[in-house]
């Protein structure tokens with residue numbers, strides 16, 4: 230489950246707002262700073278409480294613009310702290326519904342995933358095991374770094390983070406964002422960059438098993454670029470897709486086919502399955 234959007238801070242308290250100030254709150258909620266989770270079973274049943282023992286990984290990724298003239302520092306402009314909170318009494322019978330306690334929070338510096346002359350891509354994660362059954366919410370604190378405090382305060386509006394949540398247990402249940410979520414968030418950074426060629430997974434009919442969408446910062450550009458069948462005999466998933474596309478890329482490179490020509494030449498539809506026409510392959514010059 231994914232949430233993606235601008236780094237809103239409507240009241241200046243350095244806590245991420247999952248929706249702009251002019252967007253109405255979902256029914257039954259009172260804060261844009263809390264994104265409640267829910268448990269979605271394989272049969273479609275949705276429950277607000279997470280089962281005890283559920284292992285979660287919460288991750289936030291973001292790309293920061295940077296002046297290409299100034300060397301990019303290891304420290305980002307802003308630090309994001311992920312906090313998992315538990316609601317004491319969702320019914321409000323014994324305590325107020327806005328009474329919450331912190332269960333866990335992310336620690337340490339974020340990891341820099343990518344460095345370019347004009348930007349840096351960072352990630353912060355939180356791995357946590359739900360201690361008891363109940364209703365939980367994510368809160369994200371945005372702390373300007375001391376070394377880049379002025380820049381972080383003035384350029385925070387240019388940052389569009391993407392947050393994902395997924396269970397780490399061997400289960401068919403899914404933990405999803407229930408209050409605020411993005412149905413077309415696309416792939417994560419740096420795979421959402423214009424310069425990247427992103428491969429997703431699909432079934433035999435070509436239906437995507439990966440998140441589709443442009444993602445933050447991209448206009449009129451669908452991701453992943455292509456899909457590869459990932460449920461074949463001998464393995465499935467991103468590992469099989471990665472190996473398949475790597476082998477294809479090596480073959481194309483030997484035949485002097487540029488990556489930019491691949492989709493247009495093979496007539497693959499946007500977000501379509503990578504199936505190379507036999508006639509197209511037959512017209513390719515044989516390697517001496």
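Residue numbers (this note's numbering): 230 to 517. Think of the CB as a built atom: it goes at the ideal place given N, C-alpha and C, for glycine as much as any other residue. On a predicted model such as this, the values are computed, not experimentally measured, just so you know.
Collapsed DSSP secondary structure at residue i in the structure displayed
i, result
"residue 473", "helix"
"residue 409", "coil"
"residue 448", "Unreliable positioning characterises residue 448 in this predicted model, as indicated by a pLDDT of 46, which lies under 50. A coordinate reading is not provided."
"residue 230", "coil"
"residue 381", "For residue 381, the predicted structure reports a pLDDT of 48, less than 50, and the residue's modelled location is therefore unreliable. A value from the coordinates is still provided. Looking at residue 381 - three-state DSSP - the assignment turns out to be helix."
"residue 458", "strand"
"residue 348", "strand"
"residue 335", "coil"
"residue 309", "strand"
"residue 366", "strand"
"residue 503", "coil"
"residue 173", "No answer is possible for residue 173: it lies beyond the span of the chain, which begins at 230 and ends at 517."
"residue 512", "coil"
Cβ neighbour criterion (16 or more within 10 Å) applied to residue i
i, result
"residue 283", "buried"
"residue 296", "exposed"
"residue 244", "buried"
"residue 254", "exposed"
"residue 480", "exposed"
"residue 445", "Residue confidence for residue 445 is low, a pLDDT of 47 falling below 50, so the modelled location carries little weight and cannot support an answer."
"residue 291", "buried"
"residue 388", "buried"
"residue 485", "exposed"
"residue 502", "buried"
"residue 256", "exposed"
"residue 452", "buried"
"residue 379", "Note that residue 379 has pLDDT 49, beneath the 50 cutoff, so the model's placement of it is unreliable and the number below is only indicative. Under this definition residue 379 is an exposed residue."
"residue 264", "buried"
"residue 249", "exposed"
"residue 237", "buried"
"residue 298", "exposed"
"residue 514", "exposed"
"residue 349", "buried"
"residue 262", "buried"
"residue 427", "buried"
"residue 272", "exposed"
"residue 241", "exposed"
"residue 381", "Unreliable positioning characterises residue 381 in this predicted model, as indicated by a pLDDT of 48, which lies under 50. A coordinate reading is not provided."
"residue 251", "exposed"
"residue 327", "exposed"
Beta-carbon spacing of residue i, residue j below 8 Å
i, j, result
"residue 357", "residue 329", "no"
"residue 342", "residue 287", "no"
"residue 370", "residue 408", "no"
"residue 457", "residue 392", "no"
"residue 281", "residue 275", "no"
"residue 331", "residue 340", "no"
"residue 319", "residue 362", "no"
"residue 259", "residue 410", "no"
"residue 294", "residue 347", "yes"
"residue 334", "residue 306", "no"
"residue 359", "residue 279", "yes"
"residue 285", "residue 397", "yes"
One or two residues paired with residue i in a DSSP bridge
i, result
"residue 266", "406"
"residue 396", "285"
"residue 329", "316"
"residue 237", "246"
"residue 427", "For residue 427, which the question treats as bridged, DSSP gives no partner whatsoever."
"residue 299", "Paired residue(s): none; residue 299 is not in a bridge."
"residue 373", "307"
"residue 340", "352"
"residue 357", "285"
"residue 276", "268"
C-beta neighbour in chain C for residue i, strict 8 Å
i, result
"residue 371", "In the structure shown, chain C cannot be found, because there is only a single protein chain."
Check: residue i C-beta below 7 Å from any heavy atom of the ligand SAM
i, result
"residue 364", "With respect to the ligand SAM, the structure shown offers nothing to examine, as it has no ligands at all."
Worksheet item: Do the segment 428–435 and the segment 394–413 meet, that is, are 3 or more Cβ pairs less than 8 Å apart?
Response: no
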